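*Asks:*
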Amino acid sequence: MLFFLYLSGILAMLLGVTLFQRQSKKIRNKNYSDELILRYFAKKAIENIMIMCLVVIIVSLLLPLLIWTLSPKEVGVVDKIIETNTLSPISSYNKNQYIKEVTDTGVKSYIVNVGESSKDIQYDEGKLISNKIKLFVPDK
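For the sequence shown, position 77 (counting from the first letter as 1) is numbered 79 according to this note's numbering, and the numbering increases by one without interruption.
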């Protein structure tokens, strides 16, 4: 993005200088009054600034968006899936409870009911998201 920002600035400056030079060549050879020349350059300066802003918007905003939209998307490769199991509720009373939090001497443990047996997993955090459990492994 920074590349496109610098590129748009450089292109806008080059375009502005080129337009100003062409406009000054057009008016240089004619005998106009100073007031008419100032009015002409003021009008053309506003036009030049608007064209330069349009170039900046196209190059710094629309061009990267177009490249991102049209380019193929890369998908990250997962190393391996360690284990997959279907979850069943921990108790027969509460059918929506799939995980049980047990705190023992400051360490949080989560009991996850996997299939017919319960597993004791020690992790820092656990969240129940619909019928799937998301556990975060602590950094070691």
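Glycine residues also receive a C-beta, built at the ideal position from the N, C-alpha and C atoms. These numbers were taken from a predicted model, which means no experiment stands behind them.
1. Within 10 Å of its beta-carbon, does Val-58 have 16 or more other beta-carbons around it, so buried, or fewer, so exposed?
2. Is Thr-71 helix, strand or coil by DSSP?
3. Report back the beta-carbon spacing between Phe-22 and Leu-65 to the nearest angstrom; my notes put them in contact at under 8 Å.
4. On the three-state DSSP scale, how would you describe Thr-20?
5. Please name the residue, chosen from Asn-50, Cys-55 and Ser-73, that lies closest to Val-19 on a Cα-to-Cα basis.
6. Out of Ser-62, Lys-27 and Thr-71, which has the shortest C-alpha to C-alpha gap to Met-3?
7. Shortest alpha-carbon distance to Gln-25 belongs to which of Lys-75, Glu-76, Ile-12 and Ala-47?
8. Does Met-15 pass the burial test, meaning 16 or more other C-beta atoms within 10 Å, or should it be called exposed?
9. Answer with buried or exposed for Ser-73, where buried requires no fewer than 16 other C-beta atoms within 10 angstroms of its C-beta.
10. Between the C-alpha atoms of Ile-53 and Val-77, what's the straight-line distance to the nearest angstrom?
11. Just to confirm the assignment, what range does the alpha helix (DSSP H) spanning Asn-50 have?
*Replies:* In short:
1. Per the 10 Å Cβ criterion, buried.
2. Note: Thr-71 maps to helix in three-state DSSP.
3. Between Phe-22 and Leu-65 a beta carbon distance of about 25 Å is seen, past the 8 Å cut, so the two are scored as non-contacting.
4. The answer is helix: DSSP assigns Thr-20 an H, G or I state.
5. With respect to the C-alpha of Val-19, the residue from Asn-50, Cys-55 and Ser-73 having the closest C-alpha is Asn-50.
6. Looking at the Cα atoms, Ser-62 is the closest of the given residues.
7. Among Lys-75, Glu-76, Ile-12 and Ala-47, the Cα nearest to that of Gln-25 belongs to Ala-47.
8. Of the residues assessed, Met-15 falls on the exposed side of the cut-off, its CB having fewer than 16 other CB atoms within 10 angstroms.
9. Burial call: exposed.
10. In a straight line, the C-alpha of Ile-53 is about 39 Å away from that of Val-77.
11. 36-59 is the span of the alpha helix (DSSP H), which, as asked, contains Asn-50.
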